Amino acid sequence: MSSVCYVIWIRGGEEATAAGISVILMWCPAIAAFIVRGKYYKKEKLLGWNKCKLSFILAGIFVPIIYLGVSYGIYWLVNKGSFTGDLGIFTTVASTYSDKVDSGSVATMVTLIILIFSSIISAAGEEIGWRGFLLPQMTKIWNVKIAVVVSGLIWAVWHMPIIIAGLYMPGTPIWYQLPMFVIEVIAITVVMSVLRLKSKSVWPAVLLHASHNYVDQVICRTVTDNVNSVYYVGETGVITVVATILVAIGTVMLFRNKVSEKKIVRKV
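Residue numbers (the numbering used here): 2 to 269.
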C-alpha cells in the first residue's frame, strides 16, 4: 500500500501533495494493522484504544512543544533576523473563510482548529500502526530496548523513499539528511514508546506525533527564515536532534523504574 502511495507521490509531485496523498500514505500503517489484526488476532484487544491518565495526554501534547520551542528559540536568538513572525500559511488558508465570517481573527481561529485536527487525523494513521500494533507485538519477541530501536528504524526507513525523492524536508544533502533524520526518529520513538507502554494506550503517541508535526511544520518552520535553517532546526536540524536526544534520555530516566524490561506478553 505504501509503495503505491510512494509512486503516486513521486510521479505526481506537488499536485499529488495537494491532492492529499501524504495523508493516505500516513494511514497505510493503520490499514495494514487493521488487516493483520482482522486476519490473525480477531479475539485479541490490540492497537491500544484504551483510555489513559491525563498526565500521559498532556505529556504527548507538551513534550514536542518543549524540545521544538527550545531548539528553535536557540536558533532565533543566535541568528538575528531568522525569526520572521510571518504566519503566511494562516493568512493563505484563512482567506478561504474570509467571505464566510465577519472577522479576520475568527477566520484565523478556524484555520488553527482545522490544522490541529488535520494533524491529529494524519498522525493517528501512523501511530495506530507503529505504536498501536507493531511495538507491542515486537515486545513479545524481543526485550523493550530492542523493540523500541527496531520499530524506530522501521519508521525511519518507511520515510526514506519520499526523503530521497526530495519531497520531504528538502534543503540538505542526502548524506546529511538521512542520518540526522534517523537519529531524531529513534529519539522520538523512545519517548513515544515509553508513553505507549506505560499508559497502555496509543493516544499519547498520537498526540505527540500530531503536536510535533503541528508545532514544527505549521508554526516554527513558517515563522523561520528558511535559508540554511534546516541544518540547525527541524527534523534534520542538529539543535533539534540534540534536544530530542536529551528529552529521550530524560524520559527513560524518569520511567526506568516504572517500565519493565521484561517481555510484554499481556494484551496492551
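Note that beta-carbon positions come from the ideal geometry of N, C-alpha and C, so glycine has one too.
All figures in this text were calculated on a predicted structure; none of them were measured in a lab.
Separation of T225 and G86 (C-alpha to C-alpha, rounded to the nearest whole angstrom) is 7 Å.
When the five nearest sequence neighbours on each side are left out, the beta carbons in the same chain lying within less than 6 Å of the beta carbon of A188 are those of T245, I246, A249, in order along the chain. Within the DSSP bridge table, the entry for F84 names T225 as partners. Annotation: the continuous alpha helix (DSSP H) that includes A33 extends over 29 to 41. Residue environment for W176: exposed (fewer than 16 other C-beta atoms within 10 angstroms of its C-beta). For a cut-off of 8 Å, the C-beta gap from C53 to I25 is around 28 Å, too long to register as a contact.
Around Y169, the same chain offers H160, I163 as residues with beta carbons nearer than 8 Å, after the five sequence neighbours per side are excluded.
Relative to the Cα of V253, the nearest Cα in the group S194, Y68, N51 belongs to S194. Closest by C-alpha distance to R222, out of W50, G70, A33, G39, is G70. The stretch 141 to 149 makes no contact with the stretch 203 to 210: fewer than 3 CB pairs, one atom from each, lie closer than 8 Å. Between the alpha carbons of M139 and E128 lies a gap of roughly 15 Å. The three-state secondary structure of L168, taken from DSSP, is coil. I75 is a Cβ neighbour of I240, given a cutoff of 8 Å. V216 and I66 have their C-alpha atoms spaced approximately 7 Å apart. Of the candidates V111, A166, K40, I155, A166 places its Cα closest to the Cα of R12.
The C-beta separation of P30 from G126 comes to about 6 Å, placing the pair in contact by the 8 Å criterion.
The residue from H213, G39, L255, I36 with its alpha-carbon nearest to that of S120 is H213. Under the DSSP assignment, C53 falls outside any alpha helix (DSSP H); it carries neither an H nor an E label.
Across the structure, F256 and G14 are spaced so that their CA atoms are roughly 42 Å apart. Boundaries of the alpha helix (DSSP H) harbouring G251: 239 to 256, taken from the DSSP string.
A direct Cα-Cα distance of roughly 5 Å separates V231 from G238.
Rounded to whole angstroms, the gap between the alpha carbons of W131 and I62 is 18 Å. Our two residues, L179 and G235, have alpha carbons roughly 13 Å apart in a direct line. Taken through DSSP and simplified to helix, strand or coil, Y233 comes out as coil. Judged by beta-carbon spacing, G82 lies beyond the 8 Å limit of K201, meaning their Cβ atoms are not closer than that value. Between the alpha carbons of M27 and A124 lies a gap of roughly 7 Å. Around the beta carbon of E185, 16 or more other beta carbons sit within 10 angstroms, so the residue counts as buried.
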